[in-house]
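Written out below as structure tokens is the structure these notes cover.
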Amino acid sequence: MSLKVYVDTQDAMGANMLNTILEGITAYLNNELSDIDILMSILSNHATASVVKVQGEIDVDALTKGDRDGHVVAKRMERASVLAQVDIHRAATHNKGVMNGIHAVVLATGNDTRGAEASAHAYASKDGQYRGIATWEY
15 MSLKVYVDTQ
25 DAMGANMLNT
35 ILEGITAYLN
45 NELSDIDILM
55 SILSNHATAS
65 VVKVQGEIDV
75 DALTKGDRDG
85 HVVAKRMERA
95 SVLAQVDIHR
105 AATHNKGVMN
115 GIHAVVLATG
125 NDTRGAEASA
135 HAYASKDGQY
145 RGIATWEY
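Structural data, given as structure tokens:
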């Protein structure tokens with residue numbers, strides 16, 4: 015049997031909070047049920063319900079590079095984003111790039127970069143295929 019406990023940790027990653035709650039539940043179950051062998055009481059980084067959605071806009075003209083028009087660059091970015099949804103090789107590199115930015119924020123806020131990384135990759139494969147965790151639309 016597996017017991018799943020869901021906790022809204024608000025703005026924190028909540029590892030210490032969750033483990034404290036789980037230890038309390040374990041103690042309670044051990045006291046109440048005589049014939050129980052609890053293998054472990056630990057959080058999972060498979061937190062596919064803890065999703066942050068961010069939306070932004072970039073001025074297409076700001077994407078102009080040399081003689082390459084910003085609209086061409088934007089279309090190519092969108093195509094690469096679509097490819098990351100269907101090709102595991104592109105998805106891995108796409109997600110690595112996304113995680114570069116996420117790591118900086120997670121580290122700066124004193125949170126667990128490894129936990130964030132594990133959660134992101136679990137989310138990327140939540141439907142059985144590893145996909146990009148961000149999309150670009152033009």
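When you line the sequence shown up against the working numbering, it's residues 15 to 152, in that order. Just so it is clear, CB atoms sit at the ideal spot from N, CA and C, and this is done for glycine as well.
For the pair of segments examined, the segment 124–139 was found to touch the segment 23–30: the number of CB pairs separated by less than 8 Å reaches three. The beta-carbon separation of residue 50 and residue 44, rounded to 7 Å, stays under the 8 Å limit for a contact. Excluding five sequence positions before and after residue 56, the CB atoms of its chain that fall closer than 8 Å to its own CB belong to 33 and 36, given in chain order.
Pairwise C-beta distances place the segment 105–123 out of contact with the segment 72–79, as fewer than three of them are shorter than 8 Å. Taking C-beta atoms as the reference points, residue 152 and residue 89 count as a pair closer than 8 Å. By the Cβ neighbour-count rule, residue 42 is exposed, with fewer than 16 other Cβ atoms within 10 Å of its own. Residue state for residue 82 is assigned as strand, using DSSP reduced to three classes. For residue 104, the secondary structure class from DSSP, reduced to helix, strand or coil, is helix. Pairing residue 74 with residue 143, the inter-Cα distance amounts to about 31 Å. In the displayed model, residue 62 falls within coil according to three-state DSSP, outside both helix and strand.
For residue 63, the number of other beta carbons within 10 angstroms of its own is below 16, and it is reported as exposed. Residue range 29–46 is occupied by the alpha helix (DSSP H) that includes residue 29.
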